[in-house]
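Below you'll find the structure, written out as structure tokens, and then a few comments.
Protein chains: 2
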Amino acid sequence: MNHATDADEAADTRAPTLDDVASRAGVSTATVSRFVNNPSVVAAATAERIRDAIAATGYIPNLLAGGLASSKSKMVAVLIPYLTDSIFNDTIQAMVEELSAAGTTVMLGLTGVSESRTEDLIRAALSRRVDAIIFTGPVTPQVEQMVRRSPALFIQVWDLPEDPIGIAVGFSHEAAGSAVARFVISRGYRRPHLVTAKGSRAQMRRTGFVGAWEAEGSGPFTESSVEVPSRFGHARRIFAEIRRLPEMPDVVVCGSDHLAQGVIVEALAAGLKVPEDIAVVGFGNSSIAGEMRPTITSVEVDGARIAREAIAAIRRKADKSTPPERWIDVGFRLIARESA
Amino acid sequence: MNHATDADEAADTRAPTLDDVASRAGVSTATVSRFVNNPSVVAAATAERIRDAIAATGYIPNLLAGGLASSKSKMVAVLIPYLTDSIFNDTIQAMVEELSAAGTTVMLGLTGVSESRTEDLIRAALSRRVDAIIFTGPVTPQVEQMVRRSPALFIQVWDLPEDPIGIAVGFSHEAAGSAVARFVISRGYRRPHLVTAKGSRAQMRRTGFVGAWEAEGSGPFTESSVEVPSRFGHARRIFAEIRRLPEMPDVVVCGSDHLAQGVIVEALAAGLKVPEDIAVVGFGNSSIAGEMRPTITSVEVDGARIAREAIAAIRRKADKSTPPERWIDVGFRLIARESA
DNA sequence: CTGAAAGCGCTTACAG
DNA sequence: CTGAAAGCGCTTACAG
């Protein structure tokens, strides 16, 4: 327990409250509260006195009390599966930065792949009366029920589910998969090998890829699957599987840039040239995609835009203005680089 | 705004409170509160009735109110510079998981390298009356003052500063640097090239390295520096600098595994063999270190242990039991692999 | 532009 | 083991 050793006020140990500021400034607590939340509504001279009193006391508002009284917590929960090796990393980074800049506190929850952990985190978020929950996983009936009963805005990001509980900000994974297939075809590759993670979205991209591939009547393809989170290190096994194939693929389509990076490293270690002997496509356009040698062809998703749209939706809801649309499609962009 | 469409109770829109549960269970709110916070103190029969009432109403405690009344928020702030490409990633992952498992909510703040952002985040944390702040950056006088006046436990992790404000859980970066130097010497390398990030801890490791290196009278070395956060992509420039050196180094000592990975990729792309032509040492032992080809010699820091020690300190403080020691040294371990 | 006062939903001595 | 009641520190109609 730290004590205020250099308090220039009465040497009490408890934190200064609105009351302390109010009496020091010679105004009511209501006025101080107004000043703190919306400085422009108090007279300039009053504001001046309050500002001084706050500085003198070192007052820091108690948002537990404020949230209880106003039933606005100014807190948003961000729930993602993992922090490490995650394809969401850039999106989450942008999300947390933008939320903080907007004066919102971020509660971070790591769901892993466990449904019970997800439910605990949702419950914790609702206990804090968060203004919104930003969610990236599959929604269980339990979760749906809890969330529907609460006033928190439920924002599913990175994806566009058919029937979002609140709103969804993301893109069509199936369309992204098709786009990759068309790219692969346009470059003249004939024997793709798909590496698909076991998550539902990766499966949707696979569906999109396969649909577009077969629509062109483009012959057979092979595939492997990896556990989530898909990591660099999975590449070793994947590459071994590829080598055992009766016929080598000419392009490996990976579910993440880390995986793509791993496959490239393995291929080079085996003495192959990328893309001449074997091409590689990633997903997510993480920073390494543009920095690897060779640079990695990937699908860019604008994580910062997802973050901004989510935040705009939260704001609109707080303002009680136009109800947000249910789906916000931020699209994606295939970036062709050296690896394919 | 979602409404409870399938409420099996009176169809009011507001969330059920302790009062609702209490009257339904035929007990006082005090008893329900006790049950929620410490089930074992209420009689079994009473507990049963309360449990049913909670289930029937879908009650979720309001921790804003609870925290205000008890002045325990059960929330901990975790403040780190970045989420992406961060050397702390494994530690943070472990930290968040362990805190959540202990029923504590994690407030995440990204400080970047901005002092004003750091101060805003500390202020936000104190506004929420967090039980503890887990911090990884340099402490400004402003931050120190705010923190000293608050009852929150201030935990500096990843490092062992001389005079921690609260407690510190980490290891000696200088000792780690020396250990790397001794390793490099023991392997017979003669011309190291250091790549040091501009952060203070990286500088401490550099100091440790240089001290041990020169103590052995081991000749000259060269060096480069990189911006923080140090990333895979910095390697390209670093490698170009190395190639311009009058004499090639025989080992490159990097400030992070990502950087080491990048240097290896560049070296291989230039037709060099690692470690035969040029060896590489990383730092942090992130998952890629063991998965890269060649696998990367690195310094392991037990992030999960840092997390557990920090959490144990928070618990001890809450229990008002033995005051925690000021420094907890979790050490480090050099892991020799293929790259050096 | 400002104040008096009720109320937000809990916790916790105190008493029994 | 349980209850009545005060109090945590704010916000916000309402009135002026």
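Taken in order, these protein sequences are the chains called A and B.
If you're matching positions, the first sequence starts at 1 in the working numbering and goes up one per residue.
If you're matching positions, the second sequence starts at 341 in the working numbering and goes up one per residue.
Note that beta-carbon positions come from the ideal geometry of N, C-alpha and C, so glycine has one too.
Keep in mind it's a predicted model, so treat the numbers as computed, not measured.
- Looking at the DSSP output, Gln156/A bridges to Phe135/A, Ala168/A.
- The C-beta separation of Gly506/B from Leu493/B comes to about 5 Å, placing the pair in contact by the 8 Å criterion.
- Boundaries of the alpha helix (DSSP H) around Ala44/A: 44-57.
- Per the C-alpha coordinates, the member of Gln485/B, Ala609/B, Thr357/B positioned closest to Thr369/B is Thr357/B.
- Nearest in C-alpha terms to Ala202/A, of all of Asn38/A, Arg337/A, Glu227/A, is Glu227/A.
- DSSP links Thr562/B through a beta bridge to His533/B.
- One thing to note: Thr57/A has its Cβ within 8 Å of the Cβ of Arg24/A.
- Closest option to Arg530/B, judged by alpha-carbon separation, among Ala508/B, Gly559/B, Val603/B, Ser596/B: Gly559/B.
- Residues of chain B whose Cβ lies closer than 7 Å to the Cβ of Val265/A are, in chain order, Met632, Arg633.
- Close CB contacts of Ala434/B within its chain, under the 7 Å cut and outside five residues either way in sequence, are with Gly643, Ala644, Ala647 (chain order).
- The beta-carbon separation of Ile473/B and Val487/B, rounded to 7 Å, stays under the 8 Å limit for a contact.
- Beta-bridge annotation (DSSP): Met75/A is paired with Thr105/A.
- The stretch 520-536 of chain B makes contact with the stretch 573-587 of chain B; the number of CB pairs closer than 8 Å reaches 3 or more.
- For chain A, the residues of the stretch 436-448 of chain B that bring a beta carbon within less than 7 Å of one of its beta carbons are Val436, Glu437, Ser440, Thr445, Val446, Met447, Leu448, in chain order.
- Taking a beta-carbon distance threshold of 8 Å, Ala279/A does not count as an interface residue toward chain B.
- Under DSSP, Gly517/B shares a beta bridge with no residue.
- Neighbours of Tyr82/A in chain B, taken as residues whose beta carbon is under 9 Å from its own, are Gln433 in chain order.
- Within the stretch 20-47 of chain A, no residue has its Cβ closer than 9 Å to any Cβ of chain B.
- Only Arg117, Asp120, Leu121, Arg123, Ala124, Ala125, Leu126, Ser127, Arg128, Arg129 from the stretch 116-138 of chain A bring a Cβ to less than 9 Å from some Cβ of chain B.
- For Asn402/B, the residues of chain A that pass the 8 Å Cβ criterion are Leu68, Ser127, Arg129, in the order they occur in the chain.
- DSSP places Arg673/B in the strand class (E or B) of the three-state scheme.
- Distance from the CA of Ile185/A to the CA of Trp213/A, rounded to the nearest whole angstrom, comes to 8 Å.
- Close partners of Arg576/B in chain A (Cβ separation under 9 Å): Glu291, Arg293.
- In the three-state reduction of the DSSP assignment, Thr637/B falls in the strand class.
- Identification of chain A residues near Arg571/B by a Cβ-Cβ cut-off of 9 Å yields Ser287, Ile288, Glu291, ordered along the chain.
- At a cut-off of 8 Å between C-beta atoms, Asp425/B counts as an interface residue with respect to chain A.
- Counting along the chain, Ala310/A sits inside no beta strand (DSSP E); it lies in the alpha helix (DSSP H) bounded by residues 303-318.
- Across the set Arg655/B, Arg673/B, Phe579/B, the C-alpha of Arg655/B shows the shortest separation from the C-alpha of Ile495/B.
- Between the alpha carbons of Gly331/A and Gly188/A lies a distance of about 25 Å.
- At least 8 Å separates the beta-carbon of Leu599/B from that of Gly67/A.
- Within 7 Å of the CB of Gly557/B, no CB atom of chain A is found; the nearest one sits about 38 Å away.
- With a threshold of 8 Å between beta carbons, Ser73/A makes contact with chain B.
- Against Arg645/B, chain A offers no close residue; the least beta-carbon distance is about 17 Å (beta-carbon pairs closer than 7 Å).
- Residue burial annotation: Ala409/B is exposed, with fewer than 16 other C-beta atoms found within 10 angstroms of its C-beta.
- Between the C-alpha atoms of Arg354/B and Ser426/B there is a straight-line separation of about 42 Å.
- Around the beta carbon of Arg244/A, fewer than 16 other beta carbons sit within 10 angstroms, so the residue counts as exposed.
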